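Student:
In mature numbering (1 follows the signal peptide of the UniProt record, and there is no 0), the protein residues as written are -22 to -1, 1 to 250.
1) When the distance is taken between beta carbons, is residue 32 closer than 9 Å to residue 39?
2) What separation, rounded to the nearest whole angstrom, lies between the Cα atoms of residue 245 and residue 215?
3) When the Cα atoms are used, what is the spatial distance from residue 231 to residue 192?
4) Nearest by alpha-carbon distance to residue 134: which of 159, 202, 102, 120 is it?
5) Grab the span of the beta strand (DSSP E) containing residue 47 for me, first residue to last.
6) Return the CA-CA distance between residue 273 and residue 203, expressed in angstroms with no decimal places.
7) Can you tell me the Cα-Cα spacing of residue 83 and residue 237, whole angstroms?
8) Drop a sphere of 10 angstroms on the beta-carbon of residue 99, count the other beta-carbons inside from all chains shown, and report buried for 16 or more, exposed for fewer.
9) Name the residue from 188, 200, 158, 86 whose alpha carbon lies nearest to the alpha carbon of residue 226.
10) Return the first residue and the last residue of the alpha helix (DSSP H) that residue 23 is part of.
11) Would DSSP call residue -2 helix, strand or coil?
12) Does DSSP put residue 237 in a helix, a strand or coil?
13) Are at least three pairs of beta-carbons, each pair with one atom in the region 87 to 97 and one in the region 109 to 125, less than 8 Å apart?
14) Taking the alpha-carbon positions, what's the residue 54 to residue 110 distance?
15) If you draw a straight line from the C-alpha of residue 1 to the C-alpha of residue 186, how long is it?
16) If you run the structure through DSSP and keep just helix, strand and coil, what is residue 60?
17) Among 86, 59, 85, which residue has its Cα nearest to the Cα of residue 73?
18) Using the C-alpha atoms, what's the distance from residue 161 back to residue 44?
19) Please state whether DSSP places residue 128 in a helix, a strand or coil.
20) With distance defined between alpha-carbon atoms, name the residue in 141, 136, 146, 158 nearest to residue 171.
21) Quick one: Cα of residue -2 to Cα of residue 153, how far?
22) Along the chain, where does the beta strand (DSSP E) containing residue 7 start, and where does it finish?
23) Looking at the strands, I want to know which residues DSSP matches up with residue 41.
24) Can you list, in chain order, the residues of its chain with a C-beta nearer than 8 Å to that of residue -16? Leave out the 5 residues immediately preceding and following it.
25) Sort 150, 198, 36 by Cα distance to residue 124 and report the nearest one.
26) Give the straight-line distance between the Cα atoms of residue 207 and residue 158, rounded to the nearest whole angstrom.
27) Quick one: grab the DSSP three-state call for residue 54.
28) Could you check if residue 270 is buried or exposed, using at least 16 other CB atoms within 10 Å of its CB as the buried criterion?
29) Given this structure, state the Cα-to-Cα distance separating residue 247 from residue 37, to the nearest angstrom.
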């Protein structure tokens, strides 16, 4: 039975990779111009010339970055499935290959950020933080704001922490917190708490470090950014509880866990 399941899982991974490699690597959508016009078709971003190339049938149009107001691209069909695969930790190697291909094909076309976010998450789960940093910085070279804002920033910060790039990490966290964007600020405060632990989790940290993590990170999110629908708030509640537990303050830990289960029952952090 186990052999059958393993074989089925491997076949699913192959089919998933094959599907991604076909249609998904030709981004389609619409380029809207500053003049009010638009061009619809297959879209490619060329880094060397910083231009968008739109192909419709046998016709090709090229637009410089300053000619373009915005670009709307259809999402890769398999991206959600790949994200779920990474989140579950299954068949990570196959997911990595497919996500790399999507990130390359959708370079500067919105979904490179999403694909790279999950690619970095996959690398981190494989224990390869260096590759996670490299993948994120490939995007950041053309989109510097992605280093401190948006969903790719969170795994990038985690990878910087794991590769001991403390100075760069703290600078980006400060920028995110000062940005005025509540989502970025809350995520950055959680990351600041993680960095203060000096370990992968509170259990492996010291009580003194846990106190700093609570003061400078987790409790700030709980007090200032209490949004049950966000990703940062339930994470801060869980990690704050673990920090209090390490400090021997079990009643406060229980209080945070009760809040987590009551306010964020569907969060993965509530199921830990």
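Each residue gets a CB set at the ideal place from its N, CA and C atoms; glycine is no exception. Quick caveat: nothing in here was measured; it's all calculated off a predicted structure.
Tutor: Short version:
1) yes
2) 11 Å
3) 12 Å
4) 102
5) 46 to 51
6) It is not possible to answer for residue 273, since the shown part of the chain is limited to -22 through 250.
7) 42 Å
8) buried
9) Answer by Cα proximity: 188.
10) Where residue 23 is concerned, there is no enclosing alpha helix (DSSP H), although the beta strand (DSSP E) it sits in stretches over 16 to 24.
11) Reliability fails at residue -2, whose pLDDT of 46 lies under 50, so the model's placement of it is uncertain and the value that follows must be treated cautiously. In the structure shown, residue -2 sits in a helix (DSSP, three-state: H, G or I).
12) helix
13) These segments touch.
14) 21 Å
15) In this prediction, residue 1 scores a pLDDT of 44, lower than 50, which makes its location untrustworthy; no coordinate-derived value is stated.
16) Annotated three-state conformation of residue 60 is helix, per DSSP.
17) 59
18) Put simply, the backbone Cα of residue 44 is about 29 Å away from that of residue 161.
19) Coil.
20) 136
21) Here the model assigns residue -2 a pLDDT of 46, short of 50, so the residue's position is not dependable and the matter cannot be decided.
22) 6 to 11
23) 30
24) Because the pLDDT at residue -16 is just 44, under 50, the model does not fix this residue reliably, and the value given afterwards should be weighed accordingly. When the five nearest sequence neighbours on each side are left out, no beta carbon in the same chain lies closer than 8 Å to the beta carbon of residue -16.
25) 150
26) 19 Å
27) Secondary structure at residue 54: coil, using DSSP grouped into helix, strand and coil.
28) No statement about residue 270 is possible, as the shown extent of the chain runs from -22 to 250 and does not include it.
29) 50 Å
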